[in-house]
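J.: Dumping the structure here so I can ask a few things about it.
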Amino acid sequence: MSCELLGDKNLSFVPIPHRIEAMVISAIRQAQQDGVFPEADYPTILVQRSKRADQGQYSVPCMALAKSFQMKPIDIAGVIAAGLPESELIDRTAVAPPGFLNFYVSENWIVDQLNTIINADQATLFQQDVGQVRLANVEFLSANPTGPLHVGRTRGAIVGDSIGRLLEACGWKVHREYYFNNGGRQMEMLGDSLRVRYLQQLGHDTELQEEHYQGDYLVDMAQGLVEKHGDSWLDKDWQPFKEYAEAEIFRMIEDTLSRIGIKFDLFFNELDLYEDKSVWAVRDQLAARGHTYEAVVSEGASEEKIQEAQEKGLEPATWFRSTTFGDTEDRIIVRSNGEPTYVLPDVAYHVNKLKREFDRLIDIFGSDHYTEAQTVDRALQALGYDTSNIDVVLTQWVHLVRGGEKLSMSTRKGQYVTLDDLIDEVGPDVIRYFMLDRSTDREINFDLELAVKQSNENPVYYIQNAHVRCAGIMRQVEARGYPADWDDGADLSLLNDEEREFITKMLEFPEILLFAYENLAPHLIATYALDLARQFHPMYERSRVLGEDVTEDVARARLRLYKAARLVFQRVLTVMGMSAPETM
RNA sequence: GCCUCCUUAGCUCAGUGGAUAGAGCAGUGGUCUUCGGAACCAAAGGUCGGGGGUUCGAAUCCCUCAGGGGGCACCA
4 MSCELLGDKN LSFVPIPHRI EAMVISAIRQ AQQDGVFPEA DYPTILVQRS
54 KRADQGQYSV PCMALAKSFQ MKPIDIAGVI AAGLPESELI DRTAVAPPGF
104 LNFYVSENWI VDQLNTIINA DQATLFQQDV GQVRLANVEF LSANPTGPLH
154 VGRTRGAIVG DSIGRLLEAC GWKVHREYYF NNGGRQMEML GDSLRVRYLQ
204 QLGHDTELQE EHYQGDYLVD MAQGLVEKHG DSWLDKDWQP FKEYAEAEIF
254 RMIEDTLSRI GIKFDLFFNE LDLYEDKSVW AVRDQLAARG HTYEAVVSEG
304 ASEEKIQEAQ EKGLEPATWF RSTTFGDTED RIIVRSNGEP TYVLPDVAYH
354 VNKLKREFDR LIDIFGSDHY TEAQTVDRAL QALGYDTSNI DVVLTQWVHL
404 VRGGEKLSMS TRKGQYVTLD DLIDEVGPDV IRYFMLDRST DREINFDLEL
454 AVKQSNENPV YYIQNAHVRC AGIMRQVEAR GYPADWDDGA DLSLLNDEER
504 EFITKMLEFP EILLFAYENL APHLIATYAL DLARQFHPMY ERSRVLGEDV
554 TEDVARARLR LYKAARLVFQ RVLTVMGMSA PETM
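Numbering-wise, the first sequence is residues 4 to 587 according to this note's numbering.
Okay, here's the thing in structure tokens:
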């Protein structure tokens with residue numbers, strides 16, 4: 004086929020719709036040169052998957068082209084059909100009213116893709132090339148080290164890591180970053196809580212106060228401290244305890260994360276932004292550009308607020324005039340006591356990231372950070388930065404559900420469910436899938452009973468079982484003494500309609516991958532994985548390899564099919580950060 | 001009050017402005033007994049929250065109303 008529009012890149016896994024689009028554009032250009040179509044701009048060509056078999060596998064609605072080309076849609080479709088370049092991909096096309104052009108993908112081409120899949124580098128199977136290699140910074144999780152990871156943080160962690168994997172599958176290099184603050188009152192309380200626990204371990208009669216951290220992990224930690232240092236820390240204040248606790252907690256967090264397949268490239272300490280003075284530099288630059296002012300209340304504040312401020316006797320604070328950038332109210336960046344609010348170091352952090360070598364930044368936040376993210380964006384604009392290469396993904400809440408009842412995830416008094424507890428209960432693969440399979444702007448009800456169910460109600464088992472079944476066939480073939488390359492050179496034209504349709508479904512993966520990447524929507528991978536499994540199992544039921552009534556030629560062709568299917572399931576699971584088990 | 005996300009089958013949810021809106025579960029009726037039954041097949045199930053609008057064409061875009069989640073701290 005003519006591929007000039009697709010450039011020189013390896014065509015193996017260019018999504019089919021992209022190839023069809025290139026063919027259509029080529030036909031349109033030809034028709035324009037021939038004077039059949041006027042030289043007019045026209046809307047983007049839409050190539051969609053057909054819903055019904057009698058509409059081919061892909062179709063292009065030409066109705067939207069009618070205005071540009073001053074012809075009836077059905078005639079436009081006919082002209083395009085006649086002008087399509089020769090292609091090994093497309094067998095035939097058909098025009099359907101009111102103006103659809105349906106594409107029938109070549110059966111030979113479809114089955115031959117099994118060879119392409121099997122011969123490809125498995126680590127990069129279906130990898131999309133979105134230009135030269137670029138570097139993305141994905142910031143997620145960013146929980147302060149005050150305790151073990153709580154389940155409430157899990158969604159952001161999984162979504163962040165998976166978006167990273169999605170980018171990697173589309174040719175990016177990904178730098179995963181975790182932003183944290185180990186200063187402030189919270190961390191002081193943490194240190195002091197450990198100090199109290201330490202004293203208790205040594206038999207002192209002292210109790211935690213209400214504002215102390217109540218979690219049992221500090222008891223264990225205090226025990227370890229006694230084992231290491233005996234009573235030599237008796238007279239120390241909160242500070243060394245805080246440092247000890249922080250180091251231990253980071254160790255716990257990293258252990259937990261490694262259990263669900265997440266590894267960060269950098270833990271970025273907010274305090275570094277104070278040490279290198281960049282927090283104050285940001286404030287000064289905002290001031291120099293005239294975007295700040297000193298006042299007790301914001302400009303245009305209500306009488307009520309002014310009165311309230313007077314009653315409290317507040318001193319002036321530094322405000323960022325975010326209303327200039329579309330905000331409904333200005334925001335405080337430095338409190339009257341001289342301490343910055345959270346937003347100022349966060350702006351400095353983003354400036355820091357923008358100054359590093361990244362081609363784009365992606366932030367994953369809980370939806371409760373909506374206003375914060377907007378304010379940071381506005382401040383960056385105020386500083387003169389182009390924020391168009393910063394994407395913010397906000398994730399909605401997760402509710403743990405057991406037996407139809409929502410569980411409380413309160414962090415008070417240490418009664419929280421840790422991520423470790425959840426991993427112990429349902430396993431890492433289930434967590435990853437359940438946190439991924441819904442659009443990020445939808446809430447999740449995480450059903451703990453469904454999570455451990457071993458039936459096709461549970462999508463994780465259903466998907467992984469497809470891989471297990473493929474692996475089972477390979478084992479069986481080997482056990483019966485067939486050579487490892489038995490399927491090499493098999494006559495793939497022996498595969499039936501159902502088997503070919505399944506291959507077509509596998510070949511949708513590149514377009515799904517690209518679309519999920521473009522929309523930063525990893526749930527589309529999860530949905531696709533389940534769809535693929537749902538198409539796999541019925542076929543598996545009927546298309547046996549080693550049945551008595553299966554001829555050797557058919558057996559070899561089917562073995563080739565399952566070999567490729569196994570690789571595709573493995574790849575899909577890997578992109579989601581899940582395991583592809585051989586047995587279950 | 002303002003901002004934001006959600007509302008699609010009994011339930012949980014997919015759905016890129018295009019043809020007759022799709023899955024699973026539950027319910028109904030069947031099949032087979034395994035290269036892992038942790039299975040498969042069939043029929044049934046819908047005013048896409050309500051109402052306007054834009055468009056040749058709207059679940060999808062815009063406006064509006066209603067219901068639910070989250071946010072709007074001199075917290076992080």
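All C-beta atoms, glycine included, are put in the ideal place defined by N, C-alpha and C. Remember, predicted model here, so these are calculated numbers, not experimental data.
Let's see if you can read the secondary structure: which residues bound the alpha helix (DSSP H) around alanine 113?
T.: Locating residue 113 in the first sequence gives position 110, counting from the first residue. The sequence given here places isoleucine at residue 113; alanine does not occur at that position. Note, isoleucine 113: alpha helix (DSSP H), 110-122.
J.: Grab the span of the beta strand (DSSP E) containing valine 404 for me, first residue to last.
T.: Residue mapping note: residue 404 aligns to position 401 of the first sequence, counting from 1. That run of the beta strand (DSSP E) goes 401-405.
J.: Do lysine 245 and glutamate 191 have their C-beta atoms closer together than 8 Å?
T.: Translated into the one-based positions of the first sequence, residue 245 becomes position 242. Translated into the one-based positions of the first sequence, residue 191 becomes position 188. Yes, these two residues count as a Cβ contact at 8 Å.
J.: Per DSSP, proline 64 forms a beta bridge with which residues?
T.: Start at 1 with the first residue of the first sequence, and residue 64 comes out as number 61. Its beta-bridge partners are Phe103.
J.: Where arginine 563 and glutamate 446 are concerned, what is the direct C-alpha to C-alpha distance, given to the nearest angstrom?
T.: Here the question's residue 563 lines up with position 560 in the first sequence. Here the question's residue 446 lines up with position 443 in the first sequence. When rounded, the distance between both Cα atoms is 41 Å.
J.: I need the DSSP call for aspartate 448, collapsed to helix, strand or coil.
T.: Residue numbering aside, residue 448 sits at position 445 when the first sequence is read from its first letter. The sequence given here has asparagine at residue 448, not aspartate. Strand at asparagine 448.
J.: Could you tell me the alpha carbon to alpha carbon distance between glutamine 35 and valine 575, rounded to whole angstroms?
T.: As a working note, residue 35 is residue 32 in the first sequence. As a working note, residue 575 is residue 572 in the first sequence. Their backbone Cα atoms lie some 42 Å apart in a straight line.
J.: Among the residues of its own chain, which have a CB less than 8 Å from the CB of histidine 178, if the five just before and after it don't count?
T.: Taking the first residue of the first sequence as position 1, residue 178 is located at position 175. Closer than 8 Å at Cβ, skipping near neighbours: Leu138, Ala139, Asn140, Val141, Asp268, Leu269 and Phe361.
J.: Which complete beta strand (DSSP E) runs does the region 311-368 hold, if anything under 3 residues is left out?
T.: List check, beta strand (DSSP E) in window: 320-323 and 334-337.
J.: Buried or exposed for valine 136, going by 16 or more other Cβ atoms inside 10 Å?
T.: As a working mapping, residue 136 is identified with position 133 in the first sequence. That one is exposed.
J.: Among Arg156, Ala284 and Ile335, whose alpha-carbon lies nearest the alpha-carbon of tyrosine 296?
T.: Residue numbering aside, residue 296 sits at position 293 when the first sequence is read from its first letter. Minimum Cα distance to tyrosine 296 is reached at Ile335.
J.: Ends of the beta strand (DSSP E) at threonine 295?
T.: By 1-based counting over the first sequence, the position of residue 295 is 292. It spans 295-298 - the beta strand (DSSP E) in which threonine 295 sits, taken as one unbroken run.
J.: Do the region 527-536 and the region 502-517 meet, that is, are 3 or more Cβ pairs less than 8 Å apart?
T.: The region 527-536, when compared against the region 502-517, does touch it at the 8 Å Cβ threshold.
J.: Pop quiz: aspartate 432 and valine 471 are said to be a contact at Cβ under 8 Å. What is the actual Cβ separation, rounded to whole angstroms?
T.: The count along the first sequence starts at 1 and reaches residue 432 at position 429. The count along the first sequence starts at 1 and reaches residue 471 at position 468. Not a contact, Cβ separation roughly 13 Å.
J.: Let me confirm a value: arginine 569 is counted as buried when at least 16 other C-beta atoms fall within 10 Å, else exposed. Which label applies?
T.: Here the question's residue 569 lines up with position 566 in the first sequence. So arginine 569 ends up on the buried side.
J.: If we ignore side chains and look at the alpha-carbon of each, how far apart do valine 350 and serine 90 end up?
T.: In the first sequence, the residue the question calls residue 350 occupies position 347. In the first sequence, the residue the question calls residue 90 occupies position 87. Answer to the nearest angstrom: the Cα atoms are 52 Å apart.
J.: Looking at C-alpha atoms only, which residue of Leu202, Trp241, Asp258 and Tyr216 is the closest neighbour of aspartate 234?
T.: The residue labelled residue 234 in the question sits at position 231 within the first sequence. Residue Leu202 is the option with its Cα nearest to aspartate 234.
J.: Would you call the region 290-304 and the region 195-211 touching, i.e. three or more CB-CB distances under 8 Å?
T.: With the cut-off at 8 Å, the region 290-304 and the region 195-211 do not touch.
J.: Could you give the DSSP three-state label for lysine 75: helix, strand or coil?
T.: On the first sequence, position 72 is the one that residue 75 refers to. In the structure shown, lysine 75 sits in coil (DSSP, three-state: anything other than H, G, I, E or B).
J.: Entirely within the region 527-561 and at least 3 residues each: give me those beta strand (DSSP E) ranges in chain order.
T.: If we require 3 residues or more, the region 527-561 turns out to have no beta strand (DSSP E) run fully inside it.
J.: Since leucine 453 and glutamate 460 should fall inside the 8 Å C-beta cutoff, what is the C-beta to C-beta distance between them, to a whole number of angstroms?
T.: On the first sequence, position 450 is the one that residue 453 refers to. On the first sequence, position 457 is the one that residue 460 refers to. Yes, they are in contact, since the Cβ atoms of leucine 453 and glutamate 460 sit about 6 Å apart, within 8 Å.
J.: Alpha carbons only, please: which of Ala304, Asp164, Arg405 and Thr443 is nearest the one belonging to lysine 266?
T.: Position 263 of the first sequence, counted from the first residue, corresponds to residue 266. Selected option, being the one with the closest Cα: Asp164.
J.: Roughly how many angstroms lie between the CA atoms of serine 496 and glutamine 131, to the nearest whole one?
T.: As a position in the first sequence, residue 496 is number 493, starting the count at 1. As a position in the first sequence, residue 131 is number 128, starting the count at 1. Whole-angstrom Cα-Cα distance: 28 Å.
J.: Do three or more CB pairs link the region 91-110 to the region 58-68 at distances below 8 Å?
T.: Counting Cβ pairs under 8 Å, three or more are found: they touch.
J.: Only counting the same chain, and skipping five residues up and downstream in sequence, which positions put a Cβ closer than 7 Å to that of alanine 3?
T.: Residue 3 falls outside the range modelled here, since the chain spans only 4 to 587, and no answer is possible.
J.: Of all the options Ile19, Tyr220 and Ile365, which has the alpha carbon lying nearest to the alpha carbon of serine 53?
T.: Taking the first residue of the first sequence as 1, we reach residue 53 at position 50. Checking every option, the nearest Cα to that of serine 53 belongs to Ile19.
J.: Counting along the chain, where does the alpha helix (DSSP H) carrying tyrosine 220 start and finish?
T.: Stepping through the first sequence from its first residue, residue 220 is reached at position 217. Residues 220-232.
J.: For aspartate 394, write down the residues that DSSP places opposite it in a beta bridge.
T.: Looking up residue 394 in the first sequence gives position 391. Beta-bridge pairing links aspartate 394 to Ile365.
J.: Starting from the C-beta of alanine 376, find all residues in its chain whose C-beta is less than 8 Å away, skip the five residues before and the five after it, and write them out in chain order.
T.: The residue labelled residue 376 in the question sits at position 373 within the first sequence. Asp366, Phe368, Val395 and Leu397, listed in sequence order.
J.: On a Cα-Cα basis, can you pick out the residue from Lys566, Met581 and Pro584 that is closest to threonine 119?
T.: Along the first sequence, read from residue 1 onward, the residue named residue 119 stands at position 116. For threonine 119, the nearest C-alpha among the options comes from Lys566.
J.: Taking arginine 262 as the reference, give the member of Glu428, Val222 and Glu544 with the closest Cα.
T.: Taking the first residue of the first sequence as position 1, residue 262 is located at position 259. Selected option, being the one with the closest Cα: Glu428.
J.: Taking asparagine 468 as part of the alpha helix (DSSP H), name the residues at either end of that continuous run.
T.: Along the first sequence, one-based indexing puts residue 468 at 465. 462-482 is the extent of the alpha helix (DSSP H) around asparagine 468.
J.: Straight-line CA distance for valine 17 to leucine 128?
T.: The residue given as residue 17 occupies position 14 in the first sequence. The residue given as residue 128 occupies position 125 in the first sequence. C-alpha separation (whole angstroms): 12 Å.
J.: Helix, strand or coil: which one does DSSP assign to glutamine 51?
T.: Position 48 of the first sequence, counted from the start, is the residue given in the question as residue 51. Glutamine 51: strand per DSSP, three-state reduction.
J.: Write down the C-beta distance between lysine 356 and leucine 364 rounded to the nearest angstrom, noting that I regard them as a contact closer than 8 Å.
T.: For the purposes of this step, residue 356 is identified with residue 353 of the first sequence, where counting begins at 1. For the purposes of this step, residue 364 is identified with residue 361 of the first sequence, where counting begins at 1. That belief holds up - the Cβ atoms of lysine 356 and leucine 364 are roughly 5 Å apart, short of 8 Å.
J.: Here's a check: name, in chain order, each residue in its chain whose Cβ is nearer than 6 Å to the Cβ of tyrosine 520, leaving out the five neighbours to either side.
T.: As a first step, residue 520 is located in the first sequence; it is residue number 517 there, counting from the start. These residues qualify, in order along the chain: Leu169 and Cys173.
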